[in-house]
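Letter by letter, the sequence shown follows residues 2 to 162 in my numbering. The C-beta atom is built at its ideal place from N, Cα and C for all residues, glycine as well. Report on the following structure.
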Amino acid sequence: MLTEKKIFEILSDIPDPEIPVINIIELGILRNVKIENDTYIITITPTYTGCPAMKVIEDDIKLKLKKTGIEKVKIELVYSPAWTTDWITEEAKEKLRKYGIAPPLHSTIDKGILIGKPKVLKCPQCNSQNTEMISQFGSTACKALYKCLDCKEPFDYFKCL
Ligand SMILES: [Zn+2]
C-alpha cells in the first residue's frame, strides 16, 4: 500500500485540463486521500458546476493510479465547502500569470464586497493596470476576455468564484 502522502505526490502530476501549467493540487481541487481496507478514496471538490473539465480530472486520477498498479479507487465529490478561486495557491497564480492568464483576484475584491478596493487587473504581459474587459467570456466560460490598452495584447482573466 502506498501512503496518502505518496498518492498526493503521484496526483500532483495531473494538470488542470484547461490550464496545463497548474496541477489539481495547486488548483485546490484535490481535497483528501484516504485508504480504507484496500480501497483508495480520493476526495475532490468540483470547481465550476457543470465544468466539463471535472469528468476529465476524474478519469485522469483513475488512469494515473491504475498506471501505478492501484485498481481500487473511489472518487468522492464534496461540494461543501464550495470551491473558490481563493484556494488556488500563490505559486499557481504566479504560473498563471507567466502563462498569460491574469490570475483571479481575491473573491471579495471581484465581487465588490471590499468597498474602496477597486478591481484593478494587471496585464500579465506588461504589468500595466490600463486594461479593459472585452467580453464576459474568454476561451472558456470560467474566463473573461480583457485587453491591455498599453501593449494592446488581449488576455484571459480567470474569473473569481
Ligand atoms: Zn500589456
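If you check the beta carbons only, do Ile15 and Lys75 fall under 8 Å apart?
Result no, Cβ atoms of Ile15 and Lys75 do not sit closer than 8 Å.
From the DSSP output, which residues share a beta bridge with Tyr80?
Per DSSP, none; premise fails for Tyr80.
Please return the same chain residues whose Cβ sits closer than 7 Å to the Cβ of Thr86, not counting the five positions on each side in sequence.
Contacts found: Pro105, Ser108, Phe159, Cys161 and Leu162.
Terminal residues of the alpha helix (DSSP H) in which Val57 lies
First-last of the alpha helix (DSSP H) with Val57: Ala54 to Lys68.
With three or more beta-carbon pairs closer than 8 Å as the criterion, would you say the stretch 14-31 touches the stretch 90-102?
Yes, the stretch 14-31 is in contact with the stretch 90-102.
Consult DSSP for Thr166 and reduce its assignment to one of helix, strand or coil.
It is not possible to answer for residue 166, since the shown part of the chain is limited to 2 through 162.
Out of Glu72, Arg32, Ile71 and Leu146, which has the shortest C-alpha to C-alpha gap to Cys124?
Among Glu72, Arg32, Ile71 and Leu146, the Cα nearest to that of Cys124 is on Leu146.
Strand pairing of Val74, partner residues [DSSP]:
Val74 pairs with Tyr41.
Are there 16 or more other CB atoms within 10 angstroms of the CB of Leu78, so buried, or fewer, so exposed?
Classification of Leu78: exposed, given that the 10 Å Cβ count is below 16.
Could you have a look at Asp14 and say whether DSSP puts it in helix, strand or coil?
Three-state DSSP puts Asp14 in coil, outside helix and strand.
Does DSSP classify Ile110 as helix, strand or coil?
The answer is helix: DSSP assigns Ile110 an H, G or I state.
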